[in-house]
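Q: The sequence shown runs 1227 to 1522 under this note's numbering.
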Amino acid sequence: MENKIKVAIQKSGRLSEDSYNLLKSIGIKFNRSKDQLIAYGTNYPIEVLLTRDDDIPTLVNEGTCDIGIVGKNVFEEFKLESIAKGNRLNIDEIYKLPYGSCRLSFAVPEKSNLNSLEDFSGKKIATSYPNIVNNFLKENNINAGCIEFKGSVEIAPKLGTCDLICDLVSTGTTLRANGLIEAQTLLQSTAEIYAYRNISQNKSDLVNTFIERVNAVIKASNARYIMLHAPKAKVEKIVSLIPGSESPTIIPLTNIEDKVAVHALCIEEIFWETLEDLKAEGATSILVLPIEKILD
Ligand code: PRP
Ligand code: ZN
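1. So G1267 and K1255 are in contact, right, with Cβ under 8 Å, and what is the actual spacing, rounded?
2. Any heavy atom of the ligand GDP inside 7 Å of the beta-carbon of D1281?
3. What are the boundary residues of the beta strand (DSSP E) that includes P1478?
4. Do you know how far the Cα of T1400 is from the Cα of A1446?
5. Classify L1513: buried if its beta carbon has 16 or more other beta carbons within 10 angstroms, exposed otherwise.
6. Answer yes or no: do L1467 and E1507 have a C-beta to C-beta separation smaller than 8 Å?
7. Is the segment 1274-1290 touching the segment 1394-1408, taking contact as three or more C-beta pairs under 8 Å?
8. With hydrogens ignored, establish whether the beta-carbon of V1465 is closer than 7 Å to any heavy atom of the ligand PRP.
9. Taking its Cβ as the centre, do 16 or more other Cβ atoms sit within 10 Å of E1472, making it buried, or is it exposed?
10. Beta-carbon within less than 6 Å of F1346's beta-carbon, same chain only, minus the 5 sequence neighbours each way: which residues are those?
11. Using the C-alpha atoms, what's the distance from E1418 back to I1493?
12. What first and last residue would you give for the beta strand (DSSP E) that runs through Q1236?
13. Identify every run of the beta strand (DSSP E) within the segment 1244-1306, keeping only runs that are complete inside it and at least 3 residues long; order them along the chain.
14. Where in the segment 1373-1404 do unbroken runs of the alpha helix (DSSP H), each at least 4 residues long, occur, reported from the N-terminal end onward?
15. For G1326, count neighbouring C-beta atoms within 10 Å of its own C-beta (all shown protein chains included) and say buried if the count is 16 or more, exposed if not.
16. To the nearest angstrom, how far is it from the Cα of C1388 to the Cα of C1328?
17. If I'm right that I1293 touches A1421 with Cβ under 8 Å, what's the distance once you round it to whole angstroms?
18. So E1307 and N1357 are supposed to be a Cβ contact under 8 Å. How far apart are they, rounded?
19. What would DSSP say about E1483, mapped onto helix, strand or coil?
20. Are there 16 or more other CB atoms within 10 angstroms of the CB of R1450, so buried, or fewer, so exposed?
21. Roughly how many whole angstroms lie between the Cα atoms of E1336 and T1435?
22. Considering E1408, what are the terminal residues of the beta strand (DSSP E) in which it resides?
23. Pick from I1391, T1416 and Q1414: whose alpha carbon is nearest that of E1408?
24. Under 7 Å, CB to any heavy atom of the ligand PRP. Which residues pass, going along the chain?
25. Quick check on I1320: does DSSP put it in helix, strand or coil?
26. Could you give the DSSP three-state label for L1458: helix, strand or coil?
27. Between which two residues does the alpha helix (DSSP H) harbouring F1362 extend?
28. Note down the Cα distance separating S1354 from G1312, rounded to an integer number of angstroms.
29. How would you write the range of the beta strand (DSSP E) that F1497 sits in, first residue to last?
30. With DSSP run on the structure shown, which of helix, strand or coil describes S1430?
Structure follows, in structure tokens:
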């Protein structure tokens, strides 16, 4: 039995860089040369398959890969297609990642009179997400036709192939460049980790460790360690201003009678405004430090 986990990530596209960096941030080193399709971990039993994002749910669903990192948009389309075809789903969503955020939206040509959802009735919609779109139209009782495009959906209205489109929007640059206006949003998406449902026992420990490490790094990325000096009389007030911190450490200061040091782990971001409020309450020598890993 092979005791190695297989992870599928996008080879090139919106998630590839962040996904690869995520694997590196959890301490995995690779023997990867550019353009290779498989990268082997040199210090963790892992094999990373670099593939088209649309193929990732299939690879995980059939157990070829144990884990896949892909956008929720791609997964939802796969899920609805599988349901429509009566195929079995062997894949579970297990961890939401803080990158790759985008939304799936309808977009209409600037000079069209398609203002609301009702106006889409009888129209032709070009999309790479026919299952999500058809499902949405059905739920909203809109009778419109869907034309499937594998890519470059945004040029379809200009070609006269359709009246409107449904595509991913991140910054909105692509829509603007093609004279399209975002209308209704169908789905919000980020990158997520998906896992094969029937992972063997020997691999499931490796998968759990993998997820635990990811969680440790992601939690740490927002967390900060704050250290400051507080007037004794203001300690309670100052501690109450520190965001998301549980039981800070209070330490006496050598040769300073009226002040103590306060050290705290903040699991939330600390904004400048908070530091200014702390200062206004008499805190001095305020230090905010980044954190690399948090293992609970
Ligand atoms: C999506 C979408 C648009 C673009 C929108 O493509 O199809 O082309 O991103 O992003 P923007 O709002 O920032 O301009 P994606 O990069 O996901 O490639 P793919 O559809 O070929 O996988
Ligand atoms: Zn794609």
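Where a beta carbon is used, it is the ideal one built from N, C-alpha and C, also for glycine.
A: Well, looking at it:
1. The residue you call residue 1267 lines up with position 41 of the sequence shown. The residue you call residue 1255 lines up with position 29 of the sequence shown. Their Cβ separation, rounded to whole angstroms, is 7 Å, which keeps G1267 and K1255 in contact under 8 Å.
2. Summarising the ligand content, the structure contains the ligand PRP and the ligand ZN and does not contain the ligand GDP.
3. The count along the sequence shown starts at 1 and reaches residue 1478 at position 252. Counted as a single uninterrupted DSSP element, the beta strand (DSSP E) harbouring P1478 occupies residues T1475 to L1479.
4. Numbered from its first residue, the sequence shown carries residue 1446 at position 220. Numbered from its first residue, the sequence shown carries residue 1400 at position 174. Taking the straight line from one Cα to the other gives about 33 Å.
5. Taking the first residue of the sequence shown as position 1, residue 1513 is located at position 287. So L1513 counts as exposed.
6. Position 241 of the sequence shown holds residue 1467. Position 281 of the sequence shown holds residue 1507. It is a contact, given that the beta carbons lie within the stated cut-off.
7. no
8. In the sequence shown, counting from the first residue as 1, residue 1465 sits at position 239. Checking every heavy atom of the ligand PRP against the Cβ of V1465, none is found closer than 7 Å.
9. Counting from one through the sequence shown, the residue named residue 1472 turns up at place 246. Exposed, since its Cβ has fewer than 16 Cβ neighbours within 10 Å.
10. Looking up residue 1346 in the sequence shown gives position 120. Hits under 6 Å: I1368 and A1370.
11. Numbered from 1 along the sequence shown, position 267 holds the residue referred to as residue 1493. Numbered from 1 along the sequence shown, position 192 holds the residue referred to as residue 1418. Going by the C-alpha atoms only, they are around 21 Å apart.
12. Residue 1236 sits at position 10 when you count from the first residue of the sequence shown. Start and end: I1231 to Q1236.
13. 1264-1266, 1272-1277 and 1293-1297
14. 1382-1385 and 1399-1403
15. Against the sequence shown, residue 1326 aligns to sequence position 100. That one is buried.
16. As a first step, residue 1388 is located in the sequence shown; it is residue number 162 there, counting from the start. As a first step, residue 1328 is located in the sequence shown; it is residue number 102 there, counting from the start. Rounded to the nearest angstrom, the two C-alpha atoms are 23 Å apart.
17. Sequence index remark: in the sequence shown, residue 1293 carries index 67 (1-based). Sequence index remark: in the sequence shown, residue 1421 carries index 195 (1-based). Confirmed, about 5 Å.
18. In the sequence shown, counting from the first residue as 1, residue 1307 sits at position 81. In the sequence shown, counting from the first residue as 1, residue 1357 sits at position 131. Their Cβ separation, rounded to whole angstroms, is 5 Å, which keeps E1307 and N1357 in contact under 8 Å.
19. Position 257 of the sequence shown, counting from 1, holds the residue named residue 1483. Here E1483 sits in strand by DSSP.
20. Residue mapping note: residue 1450 aligns to position 224 of the sequence shown, counting from 1. Buried: at least 16 other Cβ atoms inside 10 Å.
21. On the sequence shown, position 110 is the one that residue 1336 refers to. On the sequence shown, position 209 is the one that residue 1435 refers to. Whole-angstrom Cα-Cα distance: 50 Å.
22. As a first step, residue 1408 must be located in the sequence shown, where it is residue number 182. Taken as a continuous stretch (DSSP letters only), the beta strand (DSSP E) holding E1408 covers L1406 to S1415.
23. Position 182 of the sequence shown, counted from the start, is the residue given in the question as residue 1408. That would be I1391, whose Cα lies nearest to the Cα of E1408.
24. Per the Cβ criterion, the list is G1239, R1240, D1279, C1328, S1354, G1377, V1379, E1380, D1393, L1394, V1395, S1396, T1397, G1398, T1399, T1400 and L1401.
25. Here residue 1320 refers to the residue found at position 94 of the sequence shown. Looking at I1320 - three-state DSSP - the assignment turns out to be strand.
26. Along the sequence shown, read from residue 1 onward, the residue named residue 1458 stands at position 232. It should be noted that the sequence gives Lys, not Leu, for residue 1458. Here K1458 sits in helix by DSSP.
27. Position 136 of the sequence shown, counted from the start, is the residue given in the question as residue 1362. Its alpha helix (DSSP H) spans residues P1356 to E1365.
28. Position 128 of the sequence shown, counted from the first residue, corresponds to residue 1354. Position 86 of the sequence shown, counted from the first residue, corresponds to residue 1312. Answer to the nearest angstrom: the Cα atoms are 21 Å apart.
29. Within the sequence shown, the letter at position 271 stands for residue 1497. Counting along the chain, F1497 falls outside any beta strand (DSSP E), and DSSP gives it neither H nor E.
30. By 1-based counting over the sequence shown, the position of residue 1430 is 204. Residue state, collapsed to three classes: helix.
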